[in-house]
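**Student:** First the structure, which I've put down as structure tokens, then a few questions once you've had a look.
Protein chains: 2
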Amino acid sequence: MAGSHTLAETERQVQTRLAGMELDFAAMAVTSNLFRAANAVRNHFERNVLSKADLSWTAFVVLWVTWIWEPIETRQIAAEGGFSKATLTGVLSTLESRGLVQRVKSDTDGRLVLVNLTKSGRKLMADLFPAFNKQEAQVSAMLTEEQRASLADMLRSMTAFTEATEE
Amino acid sequence: MAGSHTLAETERQVQTRLAGMELDFAAMAVTSNLFRAANAVRNHFERNVLSKADLSWTAFVVLWVTWIWEPIETRQIAAEGGFSKATLTGVLSTLESRGLVQRVKSDTDGRLVLVNLTKSGRKLMADLFPAFNKQEAQVSAMLTEEQRASLADMLRSMTAFTEATEE
DNA sequence: TGTAGATTATTCGCATCCAAACAATCGAGC
DNA sequence: GCTCGATTGTTTGGATGCGAATAATCTACA
Numbered sequence: 007m008a009g010s011h012t013l014a015e016t017e018r019q020v021q022t023r024l025a026g027m028e029l030d031f032a033a034m035a036v037t038s039n040l041f042r043a044a045n046a047v048r049n050h051f052e053r054n055v056l057s058k059a060d061l062s063w064t065a066f067v068v069l070w071v072t073w074i075w076e077p078i079e080t081r082q083i084a085a086e087g088g089f090s091k092a093t094l095t096g097v098l099s100t101l102e103s104r105g106l107v108q109r110v111k112s113d114t115d116g117r118l119v120l121v122n123l124t125k126s127g128r129k130l131m132a133d134l135f136p137a138f139n140k141q142e143a144q145v146s147a148m149l150t151e152e153q154r155a156s157l158a159d160m161l162r163s164m165t166a167f168t169e170a171t172e173e
Numbered sequence: 007m008a009g010s011h012t013l014a015e016t017e018r019q020v021q022t023r024l025a026g027m028e029l030d031f032a033a034m035a036v037t038s039n040l041f042r043a044a045n046a047v048r049n050h051f052e053r054n055v056l057s058k059a060d061l062s063w064t065a066f067v068v069l070w071v072t073w074i075w076e077p078i079e080t081r082q083i084a085a086e087g088g089f090s091k092a093t094l095t096g097v098l099s100t101l102e103s104r105g106l107v108q109r110v111k112s113d114t115d116g117r118l119v120l121v122n123l124t125k126s127g128r129k130l131m132a133d134l135f136p137a138f139n140k141q142e143a144q145v146s147a148m149l150t151e152e153q154r155a156s157l158a159d160m161l162r163s164m165t166a167f168t169e170a171t172e173e
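Top to bottom, those sequences are chains A and B.
Each residue of the first sequence is one higher than the one before, starting from 7 at the first, in the numbering used here.
Each residue of the second sequence is one higher than the one before, starting from 7 at the first, in the numbering used here.
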């Protein structure tokens, strides 16, 4: 972890400070490392790839999901990206004002809004994504192919379980 | 993933739409599942545990780190928690206004600020943390002990690598 | 044909998040 | 003792993030 304390130091201190509590340290290690890794990787991507295009992580995800599935309904972008529709509305406003996406009302259902990339939005993604994918490879380069597959599977099952208990 | 598309569908569509690009799908799977899992787990915790105490994820992390290491310097909280000092200042203002923490200027270095929990901050953490840790156990219950250890190790090495390239 | 319940995207209010700029402080070096 | 570079925490401006409320729309049903 970025902080000055190693995990071992942290666990030792936790045992000192929280004596008497029955704690699941293996679970704590999973959760805290999940967030540290996600945070570190996100910051890395924002600084090394996305800042060139002046994009936040979420703006990038919206562009990417739209690039892959366009034309796509806004509710689907929000679901794929894992953020609220309120957040998406704001991010789409930002991207639309930069001319990267366009929003169109659905012909068939007046409640729905469809999103496309613009020409410049597509060009931006075509230029940016190879570098992004290269960084994706780099941040897990220390893992074997088997480890990567195993890691992705374990994360996927955590997500599936967690979201299942939300519904 | 929460979206309507499975990973297999997503990869197929990516290959269709991005034909001609050499992409590292294993790396993509790692990155996308890392964020989905982190996001899903964070939302789960905010809804099921932290909302009772009207705490955001980050507010909780600040309280937890302070609880374990207090008195602690603000720069150390930011480093342990993985967010900027600017963010920390705002979150500490919120927590201080709720009477959960207090900030004190250092005696020995006028630049530094030290943070403690208040009595009610400590009580809140003592009451909240067992439920939090129980949820930590739940979100990884589907994994064996060996898998949890392996997962934490792989995430830790990704974080270490990513942060090493920042310095 | 009209109504009611459900769904959609947007808005609002507030909290978080960060880079950059700033003021205060520290310590090394002269 | 003074200066300069570095460090700290705060402020600023702007973007994200969300729950709740809102208005518009859809569909099933009477």
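For glycine and all other residues, C-beta sits at the position ideal for the given N, C-alpha and C.
Nearest by alpha-carbon distance to B/G96: which of B/N45, B/M27, B/V68 and B/F135 is it?
**Tutor:** That would be B/V68, whose Cα lies nearest to the Cα of B/G96.
**Student:** Answer yes or no: does any C-beta atom of chain B fall closer than 8 Å to that of A/E142?
**Tutor:** Yes, contact with chain B.
**Student:** For A/Q153, go through chain B and note every residue whose CB falls closer than 7 Å to its CB, in chain order.
**Tutor:** Residues of chain B passing the Cβ test: M160.
**Student:** Which residue from A/T64, A/L120 and A/Q21 puts its Cα closest to that of A/V110?
**Tutor:** Nearest C-alpha to A/V110: A/L120.
**Student:** Judging by CA-CA distance, which residue of B/V145, B/A137, B/S57 and B/F167 is the nearest neighbour of A/L147?
**Tutor:** Per the sequence presented here, residue 147 of chain A reads as Ala, with Leu not at that position. Considering only alpha carbons, the answer is B/F167.
**Student:** With 8 Å as the threshold, decide whether the Cβ of A/F167 is near any Cβ in chain B.
**Tutor:** Taking Cβ atoms only, chain B reaches closer than 8 Å to A/F167, which makes this a yes.
**Student:** Is DSSP giving B/E79 helix, strand or coil here?
**Tutor:** Residue state, collapsed to three classes: strand.
**Student:** Going by DSSP, which residues form a beta bridge with B/Q108?
**Tutor:** B/N122.
**Student:** Can you check whether the CB of B/Q19 is closer than 8 Å to the CB of A/W75?
**Tutor:** Cβ distance < 8 Å, so A/W75 and B/Q19 count as in contact.
**Student:** Cβ of A/L40 within 8 Å of Cβ of B/A44?
**Tutor:** Yes, the pair counts as a contact, with Cβ atoms nearer than the cut-off.
**Student:** Could you work out which residues of chain B lie near A/A43, taking near to mean beta carbons separated by less than 7 Å?
**Tutor:** In chain order: L40, L161, M164 and T165.
**Student:** For A/E86, does the count of other Cβ atoms within 10 angstroms reach 16, so buried, or fall short, so exposed?
**Tutor:** Per the 10 Å Cβ criterion, buried.
**Student:** Starting from B/R48, trace the alpha helix (DSSP H) both ways and give me its first and last residue.
**Tutor:** Element bounds for B/R48: F31 to N54.
**Student:** Determine whether the beta carbon atoms of B/A46 and A/G88 lie at a separation below 8 Å.
**Tutor:** Going by C-beta atoms, B/A46 is nearer than 8 Å to A/G88.
**Student:** Within the continuous alpha helix (DSSP H) that includes A/E28, where are the two ends?
**Tutor:** Run containing A/E28: none; DSSP gives neither H nor E here.
**Student:** Classify A/M164 as helix, strand or coil using the three-state DSSP reduction.
**Tutor:** Helix, per DSSP.
**Student:** For A/A194, is the classification buried or exposed, using 16 other Cβ atoms within 10 angstroms of its Cβ as the cut-off for buried?
**Tutor:** Only positions 7 to 173 of chain A appear in the structure, and residue 194 of chain A is not among them; the question remains open.
**Student:** With DSSP collapsed to three states, give me the class of B/G116.
**Tutor:** It is coil, neither helix nor strand.
**Student:** Quick check: A/L134 and A/V55, are their CB atoms within less than 8 Å of each other?
**Tutor:** Result yes, Cβ atoms of A/L134 and A/V55 sit closer than 8 Å.
**Student:** Is the Cβ of B/E86 closer than 8 Å to any Cβ of chain A?
**Tutor:** Chain A contact via Cβ: present.
**Student:** To the nearest angstrom, how far is it from the Cα of A/A137 to the Cα of A/L118?
**Tutor:** Rounded to whole angstroms, A/A137 to A/L118 spans 33 Å at the Cα level.
**Student:** If the cut is a Cβ gap below 7 Å, which residues of chain A does B/A32 touch?
**Tutor:** Residues of chain A passing the Cβ test: E151, R154 and A155.
**Student:** With a threshold of 8 Å between beta-carbons, can B/Q108 be considered close to chain A, or not?
**Tutor:** Chain A, which has no Cβ nearer than 8 Å to the Cβ of B/Q108, makes this no.
**Student:** When the Cα atoms are used, what is the spatial distance from B/R23 to A/L29?
**Tutor:** The alpha-carbon atoms of B/R23 and A/L29 are separated by roughly 47 Å.
**Student:** Tell me which residue opens and which closes the alpha helix (DSSP H) that A/L98 is part of.
**Tutor:** It spans K91 to S103 - the alpha helix (DSSP H) in which A/L98 sits, taken as one unbroken run.
**Student:** Indicate whether at least one CB of chain B lies closer than 8 Å to the CB of A/L29.
**Tutor:** So yes, A/L29 belongs to the interface.
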